[in-house]
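**Student:** Under my numbering, the first residue of the sequence shown carries the number 96, and numbering increases by one thereafter.
Built from N, CA and C at the ideal position, the CB exists for glycine as well.
Let me give you the structure first, and then I'll get to my questions.
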Amino acid sequence: MIFLPDWLKNVLLPTEEPGVGSSLFLIFMVMSIGILIGKLQVHKISLGIAGVLFAGIFAGHIGYRLQEHLIDTLRDLGLILFVYAVGMQVGPSFFSSFRRDGFKYNSIALLTVFSAGLITYLLFLITPIGMDNLVGMMSGAVTNTPGLGAAKAVLKELETEKGHALFNNPANAYAISYPFGVLGLILMMVVSKYIFKININEEIVAFEAGVRLHHPTPYVVKCRVTNPFFFGKPLDDLLKMTHQKVIVSRLKHSGSSIIEAPHFHTILRERDVLMLVGLPEDVELATKLVGRISSDKLIESELHTSSKIFIVTRNKAVHKTIEELDLEDTVGVHATRVYRAGLEMLASPSLVLHYGDQIKVVGDEASLKKMSALVGNSAKHLQEPQLLSIFIGIMLGVIVGSIPVFLPNLAAPVKLGMAAGPLLVALVISRYGGIHTIHSYLNQSAILFMKDLGICLFFAVVGIHAGETFYKTFVTYNGWTWVAYGLSITLIPLMIMLMLARWVFKLNFIPLLGLMAGTYTDPAALAFSTTYYKTDLPTQAYATVYPMVTILRILVAQLLVLYFVK
Numbered sequence: 096m097i098f099l100p101d102w103l104k105n106v107l108l109p110t111e112e113p114g115v116g117s118s119l120f121l122i123f124m125v126m127s128i129g130i131l132i133g134k135l136q137v138h139k140i141s142l143g144i145a146g147v148l149f150a151g152i153f154a155g156h157i158g159y160r161l162q163e164h165l166i167d168t169l170r171d172l173g174l175i176l177f178v179y180a181v182g183m184q185v186g187p188s189f190f191s192s193f194r195r196d197g198f199k200y201n202s203i204a205l206l207t208v209f210s211a212g213l214i215t216y217l218l219f220l221i222t223p224i225g226m227d228n229l230v231g232m233m234s235g236a237v238t239n240t241p242g243l244g245a246a247k248a249v250l251k252e253l254e255t256e257k258g259h260a261l262f263n264n265p266a267n268a269y270a271i272s273y274p275f276g277v278l279g280l281i282l283m284m285v286v287s288k289y290i291f292k293i294n295i296n297e298e299i300v301a302f303e304a305g306v307r308l309h310h311p312t313p314y315v316v317k318c319r320v321t322n323p324f325f326f327g328k329p330l331d332d333l334l335k336m337t338h339q340k341v342i343v344s345r346l347k348h349s350g351s352s353i354i355e356a357p358h359f360h361t362i363l364r365e366r367d368v369l370m371l372v373g374l375p376e377d378v379e380l381a382t383k384l385v386g387r388i389s390s391d392k393l394i395e396s397e398l399h400t401s402s403k404i405f406i407v408t409r410n411k412a413v414h415k416t417i418e419e420l421d422l423e424d425t426v427g428v429h430a431t432r433v434y435r436a437g438l439e440m441l442a443s444p445s446l447v448l449h450y451g452d453q454i455k456v457v458g459d460e461a462s463l464k465k466m467s468a469l470v471g472n473s474a475k476h477l478q479e480p481q482l483l484s485i486f487i488g489i490m491l492g493v494i495v496g497s498i499p500v501f502l503p504n505l506a507a508p509v510k511l512g513m514a515a516g517p518l519l520v521a522l523v524i525s526r527y528g529g530i531h532t533i534h535s536y537l538n539q540s541a542i543l544f545m546k547d548l549g550i551c552l553f554f555a556v557v558g559i560h561a562g563e564t565f566y567k568t569f570v571t572y573n574g575w576t577w578v579a580y581g582l583s584i585t586l587i588p589l590m591i592m593l594m595l596a597r598w599v600f601k602l603n604f605i606p607l608l609g610l611m612a613g614t615y616t617d618p619a620a621l622a623f624s625t626t627y628y629k630t631d632l633p634t635q636a637y638a639t640v641y642p643m644v645t646i647l648r649i650l651v652a653q654l655l656v657l658y659f660v661k
């Protein structure tokens, strides 16, 4: 037997009265082992981050414990970091997509969420299982971690208010139903393709055509001035007739080889060639007004005038419109496009710039150097996390999540909690940016780190705590029966969703995959769908419903506990 000094035993081995050091060691050990477990694949299916939960349950089962007063703090901290990062990640695309398909997607998701809640209530009526366990079973069956966190928080409040009342830990039922919830969702993603006789390639082509129709990207056309009306007129006359919806990024006078970035007062001549940038219908209108399409390739020359992309990182350029920056007069360049959160937008005068935006401009070399000084263009600054923005955002999220809403006949008020509060605040901040010099921009690496660290911390704490009684719960309550009940909560709402989406709304199968994963707030299922069907297109639908569904899952879990836990 290997000899270990007492101080090392206290850190490495299970103990009933752990210290802070041994508790922290345990958490990071469980997260490390859980991530390794999550990487194991069986037929392209893996547990992913959820492996941490099961590593925690095993550690708790064999006797490892956390210091009592650390459990709630670390669990809620992990949940807050996770949902805040999710809000920052999906916020920009959430608001833009909501305007077109958001109502339809969220209506379907709403019905699915309440279907799961209804089935849970029916199980409460026809089985001897208490709602404290059923709400955990529901959260696991729909793979919704924030719902579990909200249920645990409400149960804790009820225990405090009722004195010596003790409720079952819903994390045990969650852990039993969770893996089958993931497997059930993935199974439906595969089986539904055959049920509805889906041709994936045709669905992808149709979906991409729809996206281009509703969200056209800026279009570039070379145009020759042949309309006598514009001979000798300033360029501003053309721009006014197109209501400033077209940008003239380059101009080549007839008979000249010099390319310039024209100003509003530049005089147009017969057979001048213009480079027009705008949405397809606007560019088409401008071309008909001024003349005809040109095949002149000289205007594309980068010799005198070139295009370059700059990153907005200077405070003086943030939260200002392109018109307010007055780029033509102050710098001598034309802004043509702005790239933000994967979206390509026309650099219209009214567009407000956010920190981290990429703006494409056209101008000569001297003007481009001035542009860099104006907007910052520091890629290094983007790598620095905006800690002040994160801290203030989380503070506001905690405040929003703590606002009590009193409903009739409830023992305790309903709250958005530590999941929905920070999520809502993050969505708003990510969409509308920071305040003055406080920027909300987070690069993708920072968001992923924050999100994964948060969910790992949450899973580790919940798993270790639940592991203390997991085996006893499984044996006492016939765990396989609970698995069957959990699968009914998983599969029945999914079947309703699929029939409604395909037969009523005629929804394309590609966004339907994202809708299924988003409604079940399951990133593992989303990753499976994008890998199995070899397309990233489901991600947009996932982002569209994820925030609303997360909030609804939290509220449904709380209401079930408050109304039916005695």
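Any idea which residues DSSP pairs Pro375 with across the strands?
**Tutor:** DSSP lists no partner for Pro375.
**Student:** Judging by CA-CA distance, which residue of Phe123, Arg526, Ala211 and Gln453 is the nearest neighbour of Tyr580?
**Tutor:** Cα-wise, what sits closest to Tyr580 is Ala211.
**Student:** Let's see if you can read the secondary structure: which residues bound the beta strand (DSSP E) around Ser402?
**Tutor:** Taken as a continuous stretch (DSSP letters only), the beta strand (DSSP E) holding Ser402 covers Ser401 to Ile406.
**Student:** Considering Ile454, what are the terminal residues of the beta strand (DSSP E) in which it resides?
**Tutor:** It spans Gln453 to Gly458 - the beta strand (DSSP E) in which Ile454 sits, taken as one unbroken run.
**Student:** Rank Val147, Leu174 and Ile122 by C-alpha distance to the C-alpha of Tyr159 and give the top, closest one.
**Tutor:** Here the closest residue by C-alpha is Ile122.
**Student:** Using C-beta distances below 6 Å, list every residue in its chain close to Gly458, excluding the 5 sequence neighbours before and after it, in chain order.
**Tutor:** Only Ala356, Gly427 and Val428 meet the Cβ criterion.
**Student:** Would you identify the three-state DSSP class for Ile299, choosing helix, strand or coil?
**Tutor:** Helix.
**Student:** Based on Cα-Cα distance, which residue from Leu654, Leu650, Gln653 and Pro642 lies nearest to Val185?
**Tutor:** With distances taken between Cα atoms, Val185 lies closest to Pro642.
**Student:** Report the CB separation of Met611 from Leu280 in whole angstroms; it is logged as a contact under 8 Å.
**Tutor:** Right, their Cβ atoms sit about 6 Å apart.
**Student:** Taking contact to mean at least 3 C-beta pairs separated by less than 8 Å, is the segment 143-160 in contact with the segment 544-558?
**Tutor:** Counting Cβ pairs under 8 Å, three or more are found: they touch.
**Student:** For Leu99, count neighbouring Cβ atoms within 10 angstroms of its own Cβ and tell me buried if that reaches 16, exposed if not.
**Tutor:** Exposed: under 16 other Cβ atoms inside 10 Å.
**Student:** Are the CB atoms of Val470 and Val385 nearer to each other than 9 Å?
**Tutor:** Against a cut-off of 9 Å, the Cβ pair of Val385 and Val470 comes out as no contact.
**Student:** Closest by CA to Phe554, which one among Gly143, Ala204 and Glu365?
**Tutor:** It is Gly143 whose Cα lies nearest to the Cα of Phe554.
**Student:** So Val413 and His360 are supposed to be a Cβ contact under 8 Å. How far apart are they, rounded?
**Tutor:** That belief does not hold up - the Cβ atoms of Val413 and His360 are roughly 29 Å apart, past 8 Å.
**Student:** Whole angstroms are fine: how far does the CA of Ile489 sit from the CA of Glu511?
**Tutor:** Note on identity: in this sequence residue 511 is Leu, with Glu being the wrong assignment. Rounded to the nearest angstrom, the two C-alpha atoms are 14 Å apart.
**Student:** Check each candidate in Ala620, Asn201 and Ala636 and name the one with the smallest Cα separation from Met283.
**Tutor:** Checked all of Ala620, Asn201 and Ala636; the closest Cα to Met283 is Ala620.
**Student:** What are the boundary residues of the beta strand (DSSP E) that includes Cys314?
**Tutor:** The residue asked about is misnamed: residue 314 is Tyr in this sequence, not Cys. Note, Tyr314: beta strand (DSSP E), Tyr314 to Val320.
**Student:** To which residues does DSSP link Gly471 through a beta bridge?
**Tutor:** In DSSP, Gly471 forms a bridge with Val407.
**Student:** Quick one, which of Gly146, Asn472, Asp421 and Ala636 has its alpha-carbon nearest Val447's?
**Tutor:** Out of Gly146, Asn472, Asp421 and Ala636, Asp421 has the C-alpha closest to the C-alpha of Val447.
**Student:** If you check the beta carbons only, do Lys247 and Pro274 fall under 9 Å apart?
**Tutor:** Against a cut-off of 9 Å, the Cβ pair of Pro274 and Lys247 comes out as no contact.
**Student:** Taking all protein chains shown into account, decide if Asn267 is buried (16 or more other Cβ within 10 angstroms of its Cβ) or exposed.
**Tutor:** Asn267 is buried by the Cβ-count criterion.
**Student:** Given this structure, state the Cα-to-Cα distance separating Leu380 from Gly373, to the nearest angstrom.
**Tutor:** Answer to the nearest angstrom: the Cα atoms are 10 Å apart.
**Student:** So the alpha helix (DSSP H) Val115 belongs to, where does it begin and stop?
**Tutor:** Segment Val115 to Lys134, the alpha helix (DSSP H) holding Val115.
**Student:** Out of Val208, Ala204, Asn296 and Gly114, state which residue places its alpha-carbon closest to the alpha-carbon of His164.
**Tutor:** When only C-alpha atoms are compared, the closest one is Gly114.
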